[in-house]
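If you read the sequences in order, they're chains D and H. Be aware that the first sequence starts at 1, since it is given in full-length UniProt numbering, and climbs by one per residue. Be aware that the second sequence starts at 1, since it is given in full-length UniProt numbering, and climbs by one per residue. What follows is a set of notes on a single structure, which appears directly below.
There are 2 protein chains.
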Amino acid sequence: MARFGHYDAVVVGAGFAGLAAAHELLRAGLTVRVLEARSRVGGRVFTRYLPDGTQLDLGGQWIGPTQLNMVELVRRYGIETYPTPGHGAMIVDYGGQRLGDSPQEVLDVFAEIDSMAKQIPVEQPWSAPQAAEWDSRTFASWLADSGCSDVAAKFVDRVISGGLLAGSASETSVLETMFYIASAGGVEPLLGYGGGAQDTRIVGGAQQIANCMASDLPAGTVHLSDPVLRIEHDGSGARLVTRLGEHWASRVVIAVPPMLAGRIQYDPPLPALHEGVFQRMPAGTAMKVHAVYPEPFWRADGLSGVARSTTGVLTETVDNTPPGAPRAVLTAFAYGDEAIMLRRCAPEERRRLVLGQLGDLFGSRALHPDELVEFDWLAEEWTRGCFSGHFIPGGWTAFGAALRKPVGALHWACTETAVRWNGYFDGAVESGRRAAEEIRLALQG
Amino acid sequence: MARFGHYDAVVVGAGFAGLAAAHELLRAGLTVRVLEARSRVGGRVFTRYLPDGTQLDLGGQWIGPTQLNMVELVRRYGIETYPTPGHGAMIVDYGGQRLGDSPQEVLDVFAEIDSMAKQIPVEQPWSAPQAAEWDSRTFASWLADSGCSDVAAKFVDRVISGGLLAGSASETSVLETMFYIASAGGVEPLLGYGGGAQDTRIVGGAQQIANCMASDLPAGTVHLSDPVLRIEHDGSGARLVTRLGEHWASRVVIAVPPMLAGRIQYDPPLPALHEGVFQRMPAGTAMKVHAVYPEPFWRADGLSGVARSTTGVLTETVDNTPPGAPRAVLTAFAYGDEAIMLRRCAPEERRRLVLGQLGDLFGSRALHPDELVEFDWLAEEWTRGCFSGHFIPGGWTAFGAALRKPVGALHWACTETAVRWNGYFDGAVESGRRAAEEIRLALQG
Chain D
1 MARFGHYDAV
11 VVGAGFAGLA
21 AAHELLRAGL
31 TVRVLEARSR
41 VGGRVFTRYL
51 PDGTQLDLGG
61 QWIGPTQLNM
71 VELVRRYGIE
81 TYPTPGHGAM
91 IVDYGGQRLG
101 DSPQEVLDVF
111 AEIDSMAKQI
121 PVEQPWSAPQ
131 AAEWDSRTFA
141 SWLADSGCSD
151 VAAKFVDRVI
161 SGGLLAGSAS
171 ETSVLETMFY
181 IASAGGVEPL
191 LGYGGGAQDT
201 RIVGGAQQIA
211 NCMASDLPAG
221 TVHLSDPVLR
231 IEHDGSGARL
241 VTRLGEHWAS
251 RVVIAVPPML
261 AGRIQYDPPL
271 PALHEGVFQR
281 MPAGTAMKVH
291 AVYPEPFWRA
301 DGLSGVARST
311 TGVLTETVDN
321 TPPGAPRAVL
331 TAFAYGDEAI
341 MLRRCAPEER
351 RRLVLGQLGD
361 LFGSRALHPD
371 ELVEFDWLAE
381 EWTRGCFSGH
391 FIPGGWTAFG
401 AALRKPVGAL
411 HWACTETAVR
421 WNGYFDGAVE
431 SGRRAAEEIR
441 LALQG
Chain H
1 MARFGHYDAV
11 VVGAGFAGLA
21 AAHELLRAGL
31 TVRVLEARSR
41 VGGRVFTRYL
51 PDGTQLDLGG
61 QWIGPTQLNM
71 VELVRRYGIE
81 TYPTPGHGAM
91 IVDYGGQRLG
101 DSPQEVLDVF
111 AEIDSMAKQI
121 PVEQPWSAPQ
131 AAEWDSRTFA
141 SWLADSGCSD
151 VAAKFVDRVI
161 SGGLLAGSAS
171 ETSVLETMFY
181 IASAGGVEPL
191 LGYGGGAQDT
201 RIVGGAQQIA
211 NCMASDLPAG
221 TVHLSDPVLR
231 IEHDGSGARL
241 VTRLGEHWAS
251 RVVIAVPPML
261 AGRIQYDPPL
271 PALHEGVFQR
281 MPAGTAMKVH
291 AVYPEPFWRA
301 DGLSGVARST
311 TGVLTETVDN
321 TPPGAPRAVL
331 TAFAYGDEAI
341 MLRRCAPEER
351 RRLVLGQLGD
361 LFGSRALHPD
371 ELVEFDWLAE
381 EWTRGCFSGH
391 FIPGGWTAFG
401 AALRKPVGAL
411 HWACTETAVR
421 WNGYFDGAVE
431 SGRRAAEEIR
441 LALQG
């Protein structure tokens, strides 16, 4: 077994959390190694290029103006951005009825959600005034009992629990839902294009940011294709056994989602309360599909490409055509029950369902894309679900206090541990910097 | 790396499911190896003996008359049993009020639960008439909306979601709760002593049954202390990499809970729907504590040692004194929020809380046991929670169909996959036999 030496800190995972942690640790004058299971950096951000150069962001891709960590990184690396195309009309399929925007009854539910989210202390959601009650109820129950119409409940389930939490309202509690919204500053900042979380895109694809962060580390800092299998640890340090060898560290940042963190073998095993977190934060089930066309034909019809729907397998679509790209891209999302159902289908049936709905929304030209590109994050060994993980009902109140709590030499990062923009790259960066600061204080006082 | 040869079937895990599978596979004339991570067999059944010989079952321990697989095994091995002591009065602490049994309003809720449970097809809970609605609601919400009093809701939460599912009503859906009850044939068979799941105990401790099953296999069949780290598999077979070496098999039975099954590395990675199961079945948080006294002093007070309480940290107690033992044992259980809280406490504070409540229930002699023996299954690397795992809300309807579905050469066993007596040894045995039969059919047609 190759022996790779001793570092002040070893970071497990080269997603945004791990890369941000590595930068802060180096800035503090500490020696650092980053171990990444995949052959690339970026984690849940992954840009693929079609042979003609058309860029497809298969994972996370947008940033918003209040995501200050990302705004700063983009500026630091001189990365070119462009506003998400906003011209043209939105389509809302509201129980079969075509609208141009969310109806007032949905906006009323959003307003109520915002007022509830304001009651969540994002550092400690379990100390919210109604935490016990809200954590014991699914968001689906809350919607069913809210007095809103069935179609409004379905819209909110699909657009909030689906479009934001990448699951269904059955799986998450009222508390987790309100925490997630509070963490981003409200429903509108989350759903919005101009001014919201989908405001800005990256020329050349979002993975560039991670690539820049990695290139900006000293050569050899990041070990790719080297999954961490086992961590032996005590208060004074750790030995990490990877597929390729072994590494020693005074401190470790585990910068992977809790569900994956639980799959590393620890010696000694982690305390019961941390184990409780690992078991109670399943990853989202979002399915993102890219339909590539010769041109953005919907624009000629005065449509923005943005659609939201309460019917069919797709909850959302967006014009994802990069500026100057040779072809146009319409990206569609399915979540929750629909996403599971699509995974059960044979590929031809999945294609038929997705294109059928695109045809309903955007006309018959949508039925015949040049290509339909799928990428299933739930089947990816080193991710196992997107967008991010969420506490199950009861999870925050029982185990929330262990989420960020270090265990001896082990510190926890990843967007699931973030306080602001939890679930986004921005939260991942926050979490990596916070874990690095914990280590700096521990080692340097 | 040691090479251990090729078998028709390799079984991962030597709990009741794995041992039962091995027996059936051998009976079909197949060659079998069993790989067990621990240095003992029995899984979540573990008997410890104090120096004076007093037996403590730290995990599962009771069997009931309708657990036919267990009845048959006990008979096969000539294992001696005895009826759980039943003489004397039960104590019910009902919101501070002392009762001698569950009050009528609780029995009314039990009756309603029984009638709902009858609607669950245990083979396919997701096809129950109200499956979608019941899976989207926590049992806590159902209780809160049921119209019963707060104390009745608390009693049912603690006794059913705690005492049976080893968690809290916040964590599991109405559907999972009703499935679990249906799987055992009703509330009374689950809660009952005489005639119920707690009817009978094993002289010398429950682990004896597993020990007998293991001894009855050809010598060398079970490899102890040899955790499976990685399984490379395709439709024609698998290579299993363990801590000690490698094994080949035409078929594999993964006989560990889904949450632990997800921690094995698979190549290729498992399909998205199986991964969905692994992430959505956290283990229970039961804490079982044994107070050892010079004698069963409560019997002289006309008490059976059985208590159920809506207050304090302990939900249940039971007289666990083995016949002829030199000392007496009162065993106490905490679940859900109380179990988590006890894990957060310093050991002295935990002791104070547990003994304080035993004193309240059974008088001042209970305050001073000879010993107080804890064992935290949530901290056990190769278990990570007891009694068993349960689908989170939304889990059954989205992922239930994948629970028992083989993946090429890989078959699934463990009590969490059982149809009858899910969560009990009996269900574990059923599941192992079912997986073995799948393999027999696949290999022998």
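A virtual CB, placed ideally from N, CA and C, is assigned to each residue, including glycine.
Selection from the options that minimises the alpha carbon distance to residue i
i              : options                                        : result
Leu-270(H)     : Leu-355(D), Asp-376(D), Val-241(D), Val-71(D)  : Asp-376(D)
residue 489(H) : Leu-56(H), Asp-145(H), Leu-378(H), Tyr-7(H)    : In the structure as shown, chain H begins at 1 and stops at 445. Residue 489(H) is therefore absent and cannot be evaluated.
Gln-279(H)     : Asp-267(H), Thr-31(H), Arg-263(H), Arg-351(H)  : Arg-263(H)
Asp-234(D)     : Asp-267(D), Pro-65(D), Leu-19(D)               : Asp-267(D)
Glu-316(D)     : Thr-200(D), Ala-325(D), Ala-334(D)             : Ala-334(D)
Gly-43(H)      : Gly-60(H), Trp-134(H), Ala-249(H)              : Gly-60(H)
Val-318(D)     : Ala-325(D), Ala-206(D), Ala-307(D)             : Ala-307(D)
Ala-89(H)      : Ala-418(H), Thr-415(H), Phe-362(H)             : Phe-362(H)
Met-213(H)     : Val-74(H), Thr-321(H), Trp-134(H)              : Val-74(H)
Glu-371(H)     : Arg-351(H), Val-34(H), Gly-194(H), Ala-132(H)  : Arg-351(H)
Ala-37(H)      : Glu-295(H), Leu-358(H), Asp-226(H)             : Asp-226(H)
Leu-217(D)     : Gly-445(D), Glu-380(D), Gly-18(D), Asp-57(D)   : Gly-18(D)
Ser-146(H)     : Ala-132(H), Val-159(H), Phe-110(H)             : Phe-110(H)
Ala-442(D)     : Ala-166(D), Leu-25(D), Gly-78(D)               : Leu-25(D)
Gly-385(H)     : Thr-54(H), Arg-48(H), Leu-165(H), Gly-356(H)   : Leu-165(H)
Ser-215(H)     : Leu-244(H), Ser-161(H), Ala-20(H)              : Ala-20(H)
Leu-303(H)     : Gly-312(H), Leu-358(H), Ala-261(H), Ala-325(H) : Leu-358(H)
Helix, strand or coil at residue i [DSSP, three-state]
i          : result
Ser-215(D) : helix
Gly-185(H) : coil
Thr-310(H) : coil
Val-318(H) : strand
Pro-65(H)  : coil
Met-90(D)  : strand
Leu-19(D)  : helix
Val-109(D) : helix
Gly-162(D) : helix
Ile-202(D) : strand
Leu-25(D)  : helix
Leu-441(D) : helix
Val-429(H) : helix
Trp-421(H) : coil
Arg-137(D) : coil
Paired residues, beta bridge with residue i - DSSP
i              : result
Asp-234(H)     : Gly-237(H)
Lys-288(H)     : Phe-333(H), Phe-375(H)
Asp-57(H)      : Thr-47(H)
residue 451(H) : Since the first and last residues shown for chain H are 1 and 445, residue 451(H) lies out of range.
Gln-265(D)     : Arg-230(D)
Gly-245(D)     : Ala-2(D)
Val-174(H)     : DSSP output for Val-174(H) lists no bridge partner at all.
Arg-384(H)     : Its beta-bridge partners do not exist; DSSP assigns none.
Inset, instruction - Answer yes if the region 328-341 of chain H comes into contact with the region 288-295 of chain H, meaning at least three C-beta pairs across the two stretches below 8 Å, and no otherwise. - result: The region 288-295 of chain H is in contact with the region 328-341 of chain H.
Inset, instruction - Below 8 Å between beta carbons is the criterion; list the residues of the region 373-387 of chain H that meet it against any residue of chain D, in chain order. - result: Residues Asp-376, Leu-378, Ala-379, Glu-380, Glu-381, Arg-384, Gly-385.
Legend entry - Within 8 Å of chain D by C-beta, residues of the region 146-177 of chain H in sequence order: If the cut-off is 8 Å between Cβ atoms, the region 146-177 of chain H has Gly-167, Ser-168, Ala-169, Ser-170, Glu-171, Ser-173 near chain D.
Legend entry - Contacting positions in the region 242-260 of chain D - beta carbon closer than 9 Å to chain H: For the region 242-260 of chain D, which is checked against every Cβ of chain H, the residues closer than 9 Å are Met-259.
Inset, instruction - Would you be able to state if there are at least three C-beta pairs under 8 Å between the region 425-442 of chain D and the region 399-409 of chain H? - result: The region 399-409 of chain H makes no contact with the region 425-442 of chain D: fewer than 3 CB pairs, one atom from each, lie closer than 8 Å.
Legend entry - Segment contact, 8 Å Cβ cut-off, at least three pairs: the region 164-175 of chain H with the region 384-395 of chain D: Verdict: yes, contact present.
Legend entry - the region 405-425 of chain H touching the region 225-240 of chain H, judged by at least three CB pairs closer than 8 Å: Below 8 Å, enough C-beta pairs join the region 405-425 of chain H and the region 225-240 of chain H to call them touching: three or more.
Legend entry - the region 415-435 of chain H contacting the region 3-22 of chain H, beta-carbon criterion three pairs below 8 Å: Touching, per the Cβ criterion.
Inset, instruction - Could you please tell me which residues of the region 112-138 of chain H, in chain order, have their CB closer than 9 Å to any CB of chain D? - result: Within the region 112-138 of chain H, the residues whose Cβ lies closer than 9 Å to some Cβ of chain D are Ala-132, Glu-133, Asp-135, Ser-136, Arg-137, Thr-138, listed in chain order.
Inset, instruction - For the region 255-262 of chain D and the region 132-144 of chain D, state whether three or more C-beta atom pairs, one from each stretch, are separated by less than 8 Å. - result: No: the two stretches stay apart, fewer than three of their Cβ pairs being nearer than 8 Å.
Inset, instruction - Count the C-beta pairs between the region 150-166 of chain H and the region 99-115 of chain H that are closer than 8 Å, then say yes if the count reaches three, no if not. - result: With the cut-off at 8 Å, the region 150-166 of chain H and the region 99-115 of chain H touch.
Inset, instruction - Count the CB pairs spanning the region 180-188 of chain H and the region 412-429 of chain H that are closer than 8 Å, and state whether there are at least three. - result: A contact exists between the region 180-188 of chain H and the region 412-429 of chain H.
Legend entry - Residues in the region 325-347 of chain D having any Cβ partner in chain H nearer than 8 Å: So the list reads Gly-336, Asp-337, Ile-340, Arg-343, Arg-344, given in the order they occur along the chain.
Legend entry - Contact list for the region 53-64 of chain D against chain H, Cβ threshold 7 Å: Cβ proximity to chain H below 7 Å picks out nothing from the region 53-64 of chain D.
Inset, instruction - Name, going along the chain, the residues of the region 266-280 of chain D whose beta-carbon falls closer than 9 Å to a beta-carbon of chain H. - result: Residues of the region 266-280 of chain D whose Cβ lies closer than 9 Å to any Cβ of chain H, in chain order: Tyr-266, Asp-267, Pro-268, Pro-269, Leu-270, Pro-271, Ala-272, Leu-273, Glu-275, Gly-276, Phe-278, Gln-279, Arg-280.
Legend entry - the region 83-109 of chain D: positions lying closer than 9 Å to chain H by Cβ: Taking a C-beta cut-off of 9 Å against chain H, none of the residues of the region 83-109 of chain D qualify.
Legend entry - Positions along the region 387-400 of chain D whose CB lies within less than 9 Å of some CB in chain H: Cβ contacts with chain H come from Gly-389, Ile-392, Pro-393, Gly-394, Gly-395, Thr-397, Ala-398, Phe-399.
Inset, instruction - Below 8 Å between beta carbons is the criterion; list the residues of the region 285-303 of chain H that meet it against any residue of chain D, in chain order. - result: The residues in question are Thr-285.
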